[in-house]
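Take a look at the structure below.
In my numbering, the protein residues as written are 68 to 1069.
This is the structure:
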């Protein structure tokens, strides 16, 4: 092409505008004699510019024209190229996407005519059409040529967008089927004697079996052989083995036309060490006795494709029942998960980030997750038994096993990643799953996927986005512990018929199967998505409920929660998709009355049971609680509304604490029960105490703001006493407190006292108003003079009283005093006031020790309920809380002034400090600690089970069993629990007798 510089510049610019990267080379190619008739045709440039790589497409076109064997053939190609848009798009599309197919067209220049046809049947060919395309192949070389010709048509439809990635993968699988049949035919023609001896079936596995093959992939197969009528079985299997081996070589060996693809038979029983061909009975014997979990997973995609199709169908029918029983195998889900993790771990470090198939967020993640869901749920739901990943994913979504949104995102991501994989392999027709690093290759891939603005950057962004979606959803679906539980159900239980439900509930110990069945029918009947999801969850939940002491209560609670929340989209999604939520809910609902009662008052708190954001079951710090409550108080209109908000937070946090305690005590299938019982007690005590302190702080702020604005006329502090001050509150504990105030400068003491008393009165009233929230009872009976003394005193009044009138029991009680709310500086000064009183420099006199002993003895005799078994009373009985606490506190009163470690309000810390100081032996300290922890756990258990506080074991059998489950005793072992408690308490009482009732000098 001879042109003035201006014209050259114009052509050069047009080429760049159409996507050419080497416009100079493109100009030279356009000037070649082969393209002379088209050098000024704008249609050609437009068509080239629409390809993935215009430079590559132009070069391939010139090579194809050069390869034409006559001027007439060249002219026919050019005329058809310009006049037929379908050919133009298909041919140039292939030339711009695949150098390997361009090479094939150069070697076989007439094969472009395979792209001319544009009939309806040509758009979606199947096995029959491909068999016709391969019919003339009589040897490995001609088979390869015919195979590439058929592949050319598939690639053309693919790159032009005539077919989507799923359809292209299906066509590639159909072409593989036709190729295997043709190769077997060639092998049989070469050995007719062997063909006469045996029946040989070729079973496609993997992506070929799943009808979703890549452009270049091993074709996984299993061979099944049987003798023909009258033939010896041993000889027949040998003959079938020779035919199978020859068929594999025909496809795999390299010839002048290259190879087709490797045929891989390593998925057969015993892998490469096992016989290549087995009979159906031999296959069955292996699978029934020796097969591993992954082998059943592989059989999910088994499909007869070549040879004796009747024999192939017989094989599939024989092994399919074993496939759908695989989920019953012990450790099935964990085996599949471990296998997936091993695949990732074996990827070379330098390739992990480029692995499109095996890396995190890759194709294999989608396939494994879908297959696991199929094997677990497909036992009872035959609609899930597809070997094709996208079809199976659609069926899982339709059945409610996967969320619609999750399924749609996975489907989109899988299609994108498979499209990338196809384009990468199509370029050179090489088996690879690595994303290239070369920018030109990335540009070609991006453009082929429709990313034309900035192909490289856009490709990376879309790839990472889809991989991120897969990684997130794969972990959500594949690692759901819920599946593990479903997989352990007996056959037929993943979907419950009415009769199956009744039988199972009776077998699992439901006390009222008729009522339970009504709840079940209400939950599972209907055609709504909610019902479908609940039908999936119920088989697992019923088993978890039955693992508790009161399965009926668990099922009833689940119905109540579902009735309250079933219409909210997040609730069932939480249970289905958040790993621990379903089992945690089952534990909480069936462990007793307290936690379900708290939950029913505000069912949205069920969100705390999940694994996601929102804090889960981890206790919140006092600072966070106080911050939330004070913020609610500021927003409220009046004290009553403010305290209602504070009590609502308290209810939610009590539920969080109770749920965490129950889950930690019972354990889950992923996380065993907490072995350190003391840690459980400490967590509950600290959480409830912090919550109580934050609630009092918010209530105090609300009352002051409502009555006096920002400033109360007197400084005001609340001092925690007893278990509250010791950070050892239980679920049913009152808040023992002292109130102290100090008039502000210039304020009359009478006015200050009236204000302080009004604050206390209003706080107590607001915290006890009947409502959906549990009341918080404030007990100030440990104040000076007890119930007879003033409810609130000034700091000066406390000082005067303690200096003149303080009794021994009051010094004793002050060991637990700790500021919990109000004026911090006033609280600190109160502690400075009482420290010399509770940690006396001269210790305790003998008379004071005797008085403490008399007081404890009188308390035991007077306060122990009539008719109660003292040996089982967790608070006042021998070896109970009172015994341990008074013994520890006696050591604090005696030695607190000289042993700083004893100056703590917490029982277990003081006991540990006494051991460190040598005041008690390690063995005795461990005995007392064990008894105190157990007694505290018993009281917490009684409250959780009965919904009301108690210090003795319940007498009702089911409640007693529930306490036993909380304490770690299985069904039928309530007697063992009581015996263990008596032993522990008896040992502790022995230590108490020596340390508390022994010599005064000890």
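Heads up, the beta-carbon is just placed ideally off N, CA and C, and yes, glycines get one too.
ask   = So, helix, strand or coil for residue 535, using DSSP?
value = On the chain shown, residue 535 is found 468 positions in, with the first residue counted as 1. Annotated three-state conformation of residue 535 is helix, per DSSP.
query = What residue does the alpha helix (DSSP H) around residue 711 start on, and which one ends it?
reply = Position 644 of the chain shown, counted from the start, is the residue given in the question as residue 711. Residue 711 -> alpha helix (DSSP H) spans 706 to 733.
ask   = Between which two residues does the beta strand (DSSP E) carrying residue 804 extend?
value = Within the chain shown, residue 804 is the residue found at index 737, counting from 1. Residues 802 to 810.
task = Taking only runs that begin and end inside the segment 804 to 888, name each unbroken beta strand (DSSP E) of 3 or more residues, in chain order.
result = For the segment 804 to 888, the full-length beta strand (DSSP E) segments reaching 3 residues or more read 859 to 861 along the chain.
task = Use the C-beta contact count for residue 530: other C-beta atoms within 10 angstroms, 16 or more gives buried, fewer gives exposed.
result = In the chain shown, residue 530 corresponds to position 463, counting from 1. Classification for residue 530: buried.
ask   = Roughly how many angstroms separate the alpha carbons of residue 557 and residue 390, rounded to a whole number?
value = By 1-based counting over the chain shown, the position of residue 557 is 490. By 1-based counting over the chain shown, the position of residue 390 is 323. In this prediction, residue 557 has a pLDDT of 49, which is less than 50 and means its spatial position is unreliable; nothing more can be read from the coordinates.
query = So, is residue 72 buried or exposed, given that buried needs 16 or more other C-beta atoms within 10 angstroms?
reply = What you label residue 72 is simply residue 5 of the chain shown in a count that begins at 1. Low confidence applies here, because residue 72 scores a pLDDT of 45, under 50, leaving its location unreliable; read the following figure in that light. Under a 10 Å Cβ-count criterion, residue 72 is classified as exposed, with fewer than 16 other Cβ atoms of the shown protein chains found around its own Cβ.
key: Where residue 374 sits in the DSSP three-state scheme   = Counting from one through the chain shown, the residue named residue 374 turns up at place 307. Three-state DSSP puts residue 374 in a strand.
message = Please classify residue 836 as buried or exposed, where buried requires at least 16 neighbouring CB atoms within 10 angstroms.
response = As a working mapping, residue 836 is identified with position 769 in the chain shown. With fewer than 16 Cβ atoms within 10 Å of its Cβ, residue 836 is classed as exposed.
key: Nearest-angstrom beta carbon gap, residue 294 and residue 264 [assumed within contact, 8 angstroms]   = By 1-based counting over the chain shown, the position of residue 264 is 197. By 1-based counting over the chain shown, the position of residue 294 is 227. Confirmed, about 7 angstroms.
request  = Please specify which runs of the alpha helix (DSSP H), each continuous and at least 4 residues long, are wholly inside the segment 204 to 277, giving them in chain order.
outcome  = Fully enclosed alpha helix (DSSP H) runs of 4 or longer: 207 to 226, 232 to 257, 259 to 264, 273 to 276.
query = Helix or strand or just coil, what does DSSP make of residue 1019?
reply = Counted from its first residue, the chain shown places residue 1019 at position 952. Residue state, collapsed to three classes: strand.
key: Distance, residue 1043 Cα to residue 955 Cα   = On the chain shown, residue 955 is found 888 positions in, with the first residue counted as 1. On the chain shown, residue 1043 is found 976 positions in, with the first residue counted as 1. Near 29 angstroms, if we compare the C-alpha coordinates of residue 1043 and residue 955.
ask   = What first and last residue would you give for the alpha helix (DSSP H) that runs through residue 332?
value = Here residue 332 corresponds to residue number 265 of the chain shown, with the count starting at 1. Note, residue 332: premise wrong, no alpha helix (DSSP H); not H, not E.
request  = Evaluate residue 93 with the Cβ neighbour count: other Cβ atoms within 10 Å of its Cβ, from every protein chain shown; 16 or more gives buried, anything less gives exposed.
outcome  = Taking the chain shown and counting its residues from 1, the one referred to as residue 93 is at position 26. Classified as buried, residue 93 has 16 or more neighbouring CB atoms from the shown chains inside 10 Å of its CB.
inquiry  = Just to confirm the assignment, what range does the alpha helix (DSSP H) spanning residue 698 have?
reply    = Residue mapping note: residue 698 aligns to position 631 of the chain shown, counting from 1. That run of the alpha helix (DSSP H) goes 689 to 702.
ask   = DSSP puts residue 294 in a beta bridge; with which residues?
value = Taking the chain shown and counting its residues from 1, the one referred to as residue 294 is at position 227. Per DSSP, 265.
query = Measuring CB to CB, does residue 1010 end up less than 8 angstroms from residue 799?
reply = The residue given as residue 1010 occupies position 943 in the chain shown. The residue given as residue 799 occupies position 732 in the chain shown. The answer is yes: Cβ separation under 8 angstroms.
inquiry  = Given this structure, state the Cα-to-Cα distance separating residue 446 from residue 452, to the nearest angstrom.
reply    = The residue given as residue 446 occupies position 379 in the chain shown. The residue given as residue 452 occupies position 385 in the chain shown. CA-to-CA, the gap between residue 446 and residue 452 works out to about 9 angstroms.
ask   = So, helix, strand or coil for residue 785, using DSSP?
value = Taking the first residue of the chain shown as 1, we reach residue 785 at position 718. Three-state result, residue 785: strand.
message = Could you compute how far the alpha carbon of residue 877 sits from the alpha carbon of residue 858?
response = Position 810 of the chain shown, counted from the first residue, corresponds to residue 877. Position 791 of the chain shown, counted from the first residue, corresponds to residue 858. Looking at the two C-alpha atoms, the distance is approximately 16 angstroms.
ask   = Does the segment 308 to 328 come within contact of the segment 207 to 219, defined as at least 3 CB pairs closer than 8 angstroms?
value = Remark: three or more beta-carbon pairs, one from each stretch, lie closer than 8 angstroms, so the segment 308 to 328 and the segment 207 to 219 are flagged as touching.
task = Provide the residue span of the alpha helix (DSSP H) that contains residue 350, from first to last.
result = By one-based count along the chain shown, residue 350 stands at place 283. Unbroken alpha helix (DSSP H) run through residue 350: 347 to 356.
key: Cβ-based burial, residue 296 [other Cβ within 10 Å; buried from 16]   = What you label residue 296 is simply residue 229 of the chain shown in a count that begins at 1. Under the 10 Å beta carbon count, residue 296 is surrounded by fewer than 16 other beta carbons and is classified as exposed.
key: Rounded straight-line distance, which links the Cα of residue 779 to that of residue 970   = Here residue 970 refers to the residue found at position 903 when the chain shown is read from its first residue. Here residue 779 refers to the residue found at position 712 when the chain shown is read from its first residue. Looking at the two C-alpha atoms, the distance is approximately 32 angstroms.
ask   = In chain order, which continuous runs of the alpha helix (DSSP H) of length 4 or greater are located wholly inside the segment 390 to 462?
value = Those alpha helix (DSSP H) runs which fall completely within the segment 390 to 462 and span 4+ residues are 399 to 412, 430 to 444.
message = Excluding the 5 residues flanking residue 879 on each side, which residues of the same chain have their C-beta closer than 7 angstroms to its C-beta?
response = Here the question's residue 879 lines up with position 812 in the chain shown. Exclusion of the five residues before and after residue 879 leaves 919, 956, 960 as the residues of its chain whose Cβ lies within less than 7 angstroms of its Cβ.
ask   = If we ignore side chains and look at the alpha-carbon of each, how far apart do residue 639 and residue 473 end up?
value = Here residue 639 refers to the residue found at position 572 when the chain shown is read from its first residue. Here residue 473 refers to the residue found at position 406 when the chain shown is read from its first residue. Here the C-alpha atom of residue 639 lies approximately 14 angstroms from the C-alpha atom of residue 473.
ask   = Exposed or buried, what is residue 179 when buried is set at 16 or more other beta-carbons lying within 10 Å of its beta-carbon?
value = Your numbering for residue 179 matches position 112 in the chain shown. A residue is called buried when at least 16 other Cβ atoms come within 10 angstroms of its Cβ; residue 179 meets this threshold and is buried.
Cα-Cα separation, residue 889 to residue 965 = By 1-based counting over the chain shown, the position of residue 889 is 822. By 1-based counting over the chain shown, the position of residue 965 is 898. If I take the Cα positions, the gap works out to 31 angstroms.
key: Distance, residue 375 Cα to residue 287 Cα   = Position 220 of the chain shown, counting from 1, holds the residue named residue 287. Position 308 of the chain shown, counting from 1, holds the residue named residue 375. The straight-line gap separating the alpha-carbon atoms of residue 287 and residue 375 is approximately 18 angstroms.
task = Return yes when the Cβ of residue 875 is within less than 8 angstroms of the Cβ of residue 915, no when it is not.
result = Looking up residue 915 in the chain shown gives position 848. Looking up residue 875 in the chain shown gives position 808. It is a contact, given that the beta carbons lie within the stated cut-off.
request  = Taking residue 247 and residue 372 to be in contact with their CB atoms under 8 angstroms, please state how far apart those CB atoms are, rounded to whole angstroms.
outcome  = Position 180 of the chain shown, counted from the start, is the residue given in the question as residue 247. Position 305 of the chain shown, counted from the start, is the residue given in the question as residue 372. Correct: roughly 6 angstroms between the Cβ atoms.
message = According to DSSP, simplified to helix, strand and coil, what is residue 521?
response = Residue numbering aside, residue 521 sits at position 454 when the chain shown is read from its first letter. The answer is coil: DSSP assigns residue 521 none of H, G, I, E or B.
ask   = On the premise that residue 648 lies in contact with residue 677, defined as a C-beta separation below 8 angstroms, what is that separation, rounded to the nearest angstrom?
value = For the purposes of this step, residue 677 is taken as residue 610 along the chain shown, with counting starting at 1. For the purposes of this step, residue 648 is taken as residue 581 along the chain shown, with counting starting at 1. Contact flag correct, Cβ pair sits at about 4 angstroms.
message = Which residue marks the beginning of the alpha helix (DSSP H) containing residue 1009, and which one marks its end?
response = For the purposes of this step, residue 1009 is taken as the residue at position 942 of the chain shown. Where residue 1009 is concerned, the enclosing alpha helix (DSSP H) stretches over 989 to 1013.
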